[in-house]
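Going line by line, the protein sequences match chains A and B. Mapping of the first sequence onto numbering that gives the first Met the number 0: position 88 corresponds to residue 87, and the numbering continues sequentially without gaps. Mapping of the second sequence onto numbering that gives the first Met the number 0: position 172 corresponds to residue 171, and the numbering continues sequentially without gaps. Think of the CB as a built atom: it goes at the ideal place given N, C-alpha and C, for glycine as much as any other residue.
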Amino acid sequence: MADEIKKAPAPLKVTIDNITVEVPAGTTILKAARQIGGEVTPPAMCYYSKLEGSGGKCRTCLVEVAAGSTADPRPMPKLVASCRTNVMDGMVVKNITSERVQEARAGVVEFLLLNHPLDCPVCDQAGECHLQDLGYQHGKEGTRYQFERRTFEKEDIGPKIQLHMNRCILCYRCTYVADQLTDCRVHGVLDRGDHANISTHISKAIDSNFSGNMIDVCPVGALTDKTFRFKNRVWFTKPVDAHRDCPECCGKVTLWQRGDEVLRVTARKDEWGEIQSYDGKPGWICNTCRFEKKAAADWVIEGPTVVNRHSVISQGHYQGMQMPKETIQDVMSGLNPRLLMDIHDISEVNKIELSQLPGAATSANYKNESTKSE
Amino acid sequence: MGRKLLLEKAHIENIRSYEVYRKEGGYRSVEKALKTLTPDQVTDEVKKSGLRGRGGAGFPTGMKWSFLTKPEGVPRYLVVNADESEPGTFKDRYLMEFIPHLLIEGMVTSSYALGSNRSYIYIRGEYAWIAHILEQAIEEAHQHGWLGKNILGSGFDCNIYVQRGAGAYICGEETALLESLEGKRGNPRIKPPFPAVKGLWGCPTAVNNVETIAALVPIINEGGEEYAKIGMGKSTGTKLISACGNINKPGVYEIDMTISVEEFIYSDEYCGGIPQGKKLKACIPGGSSVPILPANLLLKTAKGEARMMNYESLADGGFATGSMMGSGGFIVMDDTQCVVKHTYTLARFYRHESCGQCSPCREGTGWMEKILWNLETGKGRSGDIDLLWDIQRKIEGNTICPLGDAAAWPVAAAIRHFRDEFEWHVTHPEEAQKRNYGLAHYADPLSVSVA
Numbered sequence: 000m001a002d003e004i005k006k007a008p009a010p011l012k013v014t015i016d017n018i019t020v021e022v023p024a025g026t027t028i029l030k031a032a033r034q035i036g037g038e039v040t041p042p043a044m045c046y047y048s049k050l051e052g053s054g055g056k057c058r059t060c061l062v063e064v065a066a067g068s069t070a071d072p073r074p075m076p077k078l079v080a081s082c083r084t085n086v087m088d089g090m091v092v093k094n095i096t097s098e099r100v101q102e103a104r105a106g107v108v109e110f111l112l113l114n115h116p117l118d119c120p121v122c123d124q125a126g127e128c129h130l131q132d133l134g135y136q137h138g139k140e141g142t143r144y145q146f147e148r149r150t151f152e153k154e155d156i157g158p159k160i161q162l163h164m165n166r167c168i169l170c171y172r173c174t175y176v177a178d179q180l181t182d183c184r185v186h187g188v189l190d191r192g193d194h195a196n197i198s199t200h201i202s203k204a205i206d207s208n209f210s211g212n213m214i215d216v217c218p219v220g221a222l223t224d225k226t227f228r229f230k231n232r233v234w235f236t237k238p239v240d241a242h243r244d245c246p247e248c249c250g251k252v253t254l255w256q257r258g259d260e261v262l263r264v265t266a267r268k269d270e271w272g273e274i275q276s277y278d279g280k281p282g283w284i285c286n287t288c289r290f291e292k293k294a295a296a297d298w299v300i301e302g303p304t305v306v307n308r309h310s311v312i313s314q315g316h317y318q319g320m321q322m323p324k325e326t327i328q329d330v331m332s333g334l335n336p337r338l339l340m341d342i343h344d345i346s347e348v349n350k351i352e353l354s355q356l357p358g359a360a361t362s363a364n365y366k367n368e369s370t371k372s373e
Numbered sequence: 000m001g002r003k004l005l006l007e008k009a010h011i012e013n014i015r016s017y018e019v020y021r022k023e024g025g026y027r028s029v030e031k032a033l034k035t036l037t038p039d040q041v042t043d044e045v046k047k048s049g050l051r052g053r054g055g056a057g058f059p060t061g062m063k064w065s066f067l068t069k070p071e072g073v074p075r076y077l078v079v080n081a082d083e084s085e086p087g088t089f090k091d092r093y094l095m096e097f098i099p100h101l102l103i104e105g106m107v108t109s110s111y112a113l114g115s116n117r118s119y120i121y122i123r124g125e126y127a128w129i130a131h132i133l134e135q136a137i138e139e140a141h142q143h144g145w146l147g148k149n150i151l152g153s154g155f156d157c158n159i160y161v162q163r164g165a166g167a168y169i170c171g172e173e174t175a176l177l178e179s180l181e182g183k184r185g186n187p188r189i190k191p192p193f194p195a196v197k198g199l200w201g202c203p204t205a206v207n208n209v210e211t212i213a214a215l216v217p218i219i220n221e222g223g224e225e226y227a228k229i230g231m232g233k234s235t236g237t238k239l240i241s242a243c244g245n246i247n248k249p250g251v252y253e254i255d256m257t258i259s260v261e262e263f264i265y266s267d268e269y270c271g272g273i274p275q276g277k278k279l280k281a282c283i284p285g286g287s288s289v290p291i292l293p294a295n296l297l298l299k300t301a302k303g304e305a306r307m308m309n310y311e312s313l314a315d316g317g318f319a320t321g322s323m324m325g326s327g328g329f330i331v332m333d334d335t336q337c338v339v340k341h342t343y344t345l346a347r348f349y350r351h352e353s354c355g356q357c358s359p360c361r362e363g364t365g366w367m368e369k370i371l372w373n374l375e376t377g378k379g380r381s382g383d384i385d386l387l388w389d390i391q392r393k394i395e396g397n398t399i400c401p402l403g404d405a406a407a408w409p410v411a412a413a414i415r416h417f418r419d420e421f422e423w424h425v426t427h428p429e430e431a432q433k434r435n436y437g438l439a440h441y442a443d444p445l446s447v448s449v450a
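Have a look at this one:
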């Protein structure tokens, strides 16, 4: 008995931004921070807990280790990648409380956005893009980069997946999917340095029923679902949880609906934007579920997906909100100077409850709207 | 004249062949080590010698070897890093080309000390002809019983294999080298775990520079303590310096680390001064990655002492007023050289050689190159110099491997010491196209004497 108690590894105490948690040995700083949750958690663009060997590349999760451990309380001289550094007992980590970290992270965000096309208005990932969130959180307005951005040709990876290399931040997640989920790996990184690019050798389709998962792991809009491309903005769709008996995968998915139409099928994501696990197994879904089953009748619908209230995706859930009243005319004694050009006013976009339309908005909707108001 | 340990016999006719090498006393160290010493005693001799890694970082070799974990039933590997790609460094090439058996001899002894039955030489692909020389030397060593099974009846087996790289600077980084050796894309691994714990094929591995391993031969022959008597302070033994640039006698020199930088540049025994009576402007003392120094800081430290050619003295003053011994690539620039152009050339190299794995290095190196190109071609803007400083600061220390640091340091040092030259390029864009900035005050207030 006594031996057994001795064998059980003692939990390690780690302090992150003055919050102490106990974690089992072998836990990374990032996982410990995720246990705390909230702002303390460093952002991670390349690390994916379900993919072996991922992480350490993007450098957004850099943290400062102010004390290595109780046994050796010296600070680590360099910032460390929290996703690949294991905690030690008595380690003191600084994330949001460290100016060094904040500065380095802003630097990394600037580097990541340096050659990113910032084509969010036409990018299918907009609204659920990790780089977008990261940019809003840590980036600066404007760029100091005065040169042409690098560009690549678009490439098809099989008939259902499109690779848009311009947007890629080389997180390597999709290469790990190709490596660990599919049997014959023909997908990897070609070239090096700032001309490194994800490719299939050479423009060869990935012939595997699980290849679609690389769309889900892509943190940006580099890999997109061709059955969903330009169909709709993600914040106009309603995500619902659904399942079916699938002989190949877990069959647990999120359906992205507009009206009765299923526009897209993805695996379910957890709060860190990663695929959910069921009984300790990651819930990867097969291409049949993802690309073929596009009718609500194919699925047993469980109910609406819980979406973070701050996410733009939950926009569609708050209908009939009152716009704040313009007060400029009142305070300027009836004068109405054109101070700002209000894009919503001109486009009249906001006059229509887009989320209540059964399908995509067309010019007909706007015509009706403007004739109605006149 | 300083003592020579490595290149002493390099110019004997046919020293490349086994017979001549053996006649000149070759493979004595293997006999001594395998017959009279245990592996741990060999490591102790290396520790006593105070030998520091000759590849660039200068980490004590004996200590590095003692970190090697020795779990039961798991093979250990010795990998010799001959991927010498640092601009300005060509000492290993010289050593391997002229006296290949010295490396093989050092490798047998080192493999014995580390318990490596399969040792590798990872050589850069551009050294194609040297790989043949090494393979021939290995073949000869096999025929004479210095490699293979049960060497000298000691029960120790060892084989050496030569692996050619494919022309990537990054594969000189030890973990990228191991990845490449395993047949994968040469991306550096994230440390920890260090190669001493999990290296080649997940086994404990020691990765050492060619010169470090070759230095094992004199260390074992003469004993670690004798070896430690050569040199100064913690810079023991001899070091190969590959000198190039604006000097009369470029080439590889073996120094015993007791001479001053001034003597090294101006003495006829070494570089032989600067041609055409020009003046010294700047120098990169340890290969392209280390900070550049202007003439006045190169010859004298900030304290006013003469700067010596050894690890401590070259690093004296930190990066503010010092540099590093690095890999021994000694690049001298005279007063007709343009520091901006030179920094651009280095930035271009690092952009081209970045592996593209981690974002600061992948994006930052390209950005720096473009800004430096603008500065050099007269399109620079006043904010560019501060921008460059900010970019290098955000790359340094935030990358997976030291290539990011190596790309950042030359830019940082050039701006630190030659800021007025950069500013002159911005303020006089047209003039900067026609002439160089010249020596200015970089050589003040030193009087240059010819030894």
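Any beta carbon from chain C within less than 8 Å of residue i's own beta carbon?
i, result
"tyrosine 175 of chain A", "Among the chains of the structure shown, chain C does not appear; the protein chains present are A and B."
According to DSSP, which residues form a beta bridge with residue i?
i, result
"proline 238 of chain A", "A/Trp255"
"asparagine 83 of chain A", "In the sequence under discussion, the amino acid at residue 83 of chain A is arginine, which differs from the asparagine named in the question. None; arginine 83 of chain A has no bridge partner."
"valine 264 of chain A", "A/Leu254"
"histidine 186 of chain A", "A/Thr199"
"glycine 147 of chain B", "B/Cys157"
"valine 305 of chain A", "DSSP output for valine 305 of chain A lists no bridge partner at all."
"alanine 295 of chain A", "Answer by DSSP bridge pairing: none, since alanine 295 of chain A is not bridged."
"alanine 281 of chain B", "B/Pro293 and B/Met332"
"aspartate 239 of chain B", "Residue 239 of chain B is actually leucine in this sequence, not aspartate. Leucine 239 of chain B pairs with B/Glu253."
"tyrosine 121 of chain B", "B/Asn80 and B/Gln162"
Should residue i be flagged as near chain A, meaning a C-beta pair shorter than 8 Å?
i, result
"leucine 180 of chain B", "no"
"tryptophan 388 of chain B", "no"
"glutamine 391 of chain B", "no"
"valine 447 of chain B", "Caution applies to valine 447 of chain B, whose pLDDT of 41 falls short of 50 and renders its modelled position unreliable; the model cannot decide the point."
"proline 359 of chain B", "yes"
"arginine 2 of chain B", "no"
"serine 381 of chain B", "no"
"isoleucine 399 of chain B", "yes"
Taking 8 Å as the CB-CB limit, is residue i close to chain B?
i, result
"leucine 133 of chain A", "no"
"leucine 29 of chain A", "no"
"arginine 58 of chain A", "yes"
"isoleucine 168 of chain A", "yes"
"alanine 195 of chain A", "yes"
"alanine 80 of chain A", "yes"
"leucine 222 of chain A", "no"
"tyrosine 277 of chain A", "no"
"leucine 130 of chain A", "no"
"leucine 11 of chain A", "no"
"glycine 55 of chain A", "yes"
"valine 188 of chain A", "yes"
"valine 64 of chain A", "no"
Thinking residue i and residue j are a contact (beta carbons under 8 Å), I'd like their distance in whole angstroms, please.
i, j, result
"glycine 230 of chain B", "asparagine 295 of chain B", "About 26 Å separates the two Cβ atoms, so there is no contact after all."
"threonine 174 of chain A", "isoleucine 197 of chain A", "7 Å"
"cysteine 157 of chain B", "serine 118 of chain B", "6 Å"
"arginine 243 of chain A", "valine 306 of chain A", "Actually they are not in contact, since the Cβ atoms of arginine 243 of chain A and valine 306 of chain A sit about 22 Å apart, beyond 8 Å."
Exercise for review: Entirely within the region 179-216 of chain B and at least 3 residues each: give me those beta strand (DSSP E) ranges in chain order.
Suggested key: 204-208
Review point. Could you give the uninterrupted runs of the alpha helix (DSSP H) lying entirely in the region 308-362 of chain B, keeping only those of 4 residues or more?
Key: 310-314, 317-320 and 338-352
Practice item. Would you check if the region 215-223 of chain B and the region 190-203 of chain B touch, i.e. whether three or more CB-CB distances between them fall below 8 Å? Key: no
Exercise for review: Specify whether the region 82-95 of chain B and the region 115-133 of chain B touch according to this definition: at least 3 beta carbon pairs, one from each stretch, less than 8 Å apart.
Suggested key: yes
Practice item. Give, in chain order, every unbroken run of the alpha helix (DSSP H) that is at least 4 residues long and sits entirely within the region 37-119 of chain B. Key: 38-48, 60-65, 90-97 and 99-113
Check your understanding: Is it true that the region 337-350 of chain B meets the region 321-329 of chain B, where meeting means three or more beta-carbon pairs spaced less than 8 Å apart?
Key -> no
Check your understanding: Can at least three beta-carbon pairs, one atom from the region 44-56 of chain A and one from the region 68-83 of chain A, be found at a separation below 8 Å?
Key -> yes
Check your understanding: Is it a yes or a no for the region 245-257 of chain B touching the region 285-299 of chain B, going by three-plus beta-carbon pairs under 8 Å?
Key -> no
Exercise for review: Specify whether the region 121-128 of chain A and the region 365-381 of chain B touch according to this definition: at least 3 beta carbon pairs, one from each stretch, less than 8 Å apart.
Suggested key: no
Exercise for review: Let me know the alpha helix (DSSP H) ranges lying completely inside the region 100-155 of chain A, each 4 residues or longer, listed in chain order.
Suggested key: 129-137
Point to revise | the region 66-76 of chain B / the region 147-162 of chain B touching (three or more Cβ pairs under 8 Å) | key: no
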